[in-house]
Amino acid sequence: MAAAGKSIYLFALVTMLKLGIDIGSRNTKIVIYNDSKEKIEFSACHSTELSILDGVNHLIAEGFSATGISADNITASGVTGYGRKLYPKATSIISEISCHTAGCRYYFPQIKTIIDIGGQDSKIITLTDSGKVADFVMNDKCAAGTGRFLEMTAMRLGCDVSELSLLASQSTKDIQLNSTCVVFAESEIIGLLSSSIAPADVARSVHRSIAKRILTQMSVVCWEPPFVFTGGVALNQDLVHCLSDFLGLELLTPPDPEITAALGAAILAK
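Residue numbers for the sequence shown, in our numbering: 191 to 460.
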């Protein structure tokens with residue numbers, strides 16, 4: 191979570207505060223954005239609850255409490271993500287592609303290609319010189335190149351998904367995963383572990399497998415650097431390094447990659 195402190199704001203009449211909400215399949219993210227200062231006042235991320243509205247309202251209340259902002263101060267609210275049509279108070283419903291583009295360009299105006307890996311899908315977005323969307327490709331049919339693969343791997347390795355990066359960085363042996371489906375890959379991982387393959391080597395093999403799937407996905411668009419890697423999976427530094435190695439190029443990552451779409455929703459909200 192990122193917050194601007196708990197001081198009570200004295201808002202000038204010209205201040206425009208906007209709310210961005212990204213309701214994802216795994217996590218819900220919000221951003222309170224000061225449009226006048228082009229500044230993030232508050233951001234938060236939490237697991238998407240069974241009651242989506244309750245979860246969103248809880249995060250908003252948390253943001254208001256942390257900043258002293260109230261609903262009356264919000265001039266516009268944008269919502270995106272798979273649950274974007276479920277929040278009735280939104281003034282704008284915006285595509286994830288547009289939101290990721292706006293959010294990433296907030297941090298890196300010069301980017302030409304965006305790689306987004308979320309809990310259930312992955313996207314490659316290419317941009318024009320002026321920052322408009324040129325093309326994109328999305329994989330929402332197979333979980334093998336998404337955060338779901340990492341969650342399954344962490345479960346089988348007996349660790350938290352946030353620990354996979356450090357574990358994989360201790361790998362000393364290259365292991366090739368042959369399965370391209372999460373269901374079959376899970377069986378393959380079980381087999382590797384039962385054959386006394388080190389958990390660190392298994393974790394690294396999963397990261398390399400995801401990176402290779404992203405490269406395959408990229409082959410259908412005309413991409414060029416600079417690249418930005420965003421989405422919650424971009425928190426996994428070992429995976430960032432694997433993908434960077436395969437590309438032979440540096441990957442930029444936002445400071446809070448999981449909130450990028452919510453930030454874009456706030457920026458674009460009208």
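All C-beta atoms in this analysis are idealised placements derived from N, C-alpha and C, irrespective of residue type, glycine included.
Note that the coordinates shown come from a computational prediction; the quantities given were computed from them, not determined experimentally.
Which of helix, strand or coil DSSP assigns to K313: strand
Go ahead and label I235 buried or exposed: buried means 16 or more other beta carbons lie within 10 angstroms of its beta carbon, across all protein chains shown. Position check: residue 235 holds Cys in this sequence, whereas Ile was assumed. Around the beta carbon of C235, 16 or more other beta carbons sit within 10 angstroms, so the residue counts as buried.
For the putative contact between I400 and L382, defined by C-beta atoms under 8 Å, what is the C-beta separation to the nearest angstrom? Contact flag wrong, Cβ pair sits at about 16 Å.
Does the Cβ of D319 have 16 or more other Cβ atoms within 10 Å, making it buried, or fewer, making it exposed? exposed
Are the beta-carbon atoms of R216 and G335 separated by less than 8 Å? no
Rounded to a whole number of angstroms, what is the C-alpha to C-alpha distance between V396 and V323? 30 Å
Which term fits C371, buried or exposed, when burial requires 16 or more other beta carbons within 10 angstroms of its beta carbon? exposed
Given that a residue counts as buried once 16 or more other Cβ atoms are within 10 Å of its Cβ, and exposed if not, what is V423? buried
Taking 6 Å as the limit between beta carbons, can you name the residues of its chain near S282, skipping five residues before and five after? Within the same chain, Cβ atoms closer than 6 Å to the Cβ of S282 are found at G268, A459 and K460, the five residues on either side in sequence being excluded.
Looking at the structure shown, is E448 part of a helix, part of a strand, or coil, going by DSSP? helix
Determine the direct distance from the alpha carbon of L209 to that of M342, and round the result to whole angstroms. 33 Å
Below 8 Å between beta carbons: does that hold for C294 and V418? V418 is positioned such that its CB atom lies closer than 8 Å to that of C294.
Distance between beta carbons of G271 and E286, contact taken as under 8 Å: 6 Å
Could you check how far apart the C-beta atoms of P447 and T420 are, in whole angstroms? I think they sit under 8 Å. 5 Å
Drop a sphere of 10 angstroms on the beta-carbon of E378, count the other beta-carbons inside from all chains shown, and report buried for 16 or more, exposed for fewer. buried
Looking at the secondary structure, which residues open and close the beta strand (DSSP E) in which V418 lies? F417 to T420
Residue from V410, L453, L207 and N426 whose Cα sits closest to the Cα of A344: Among V410, L453, L207 and N426, the Cα nearest to that of A344 belongs to N426.
Pick helix, strand or coil for E378, following the three-state DSSP scheme. helix
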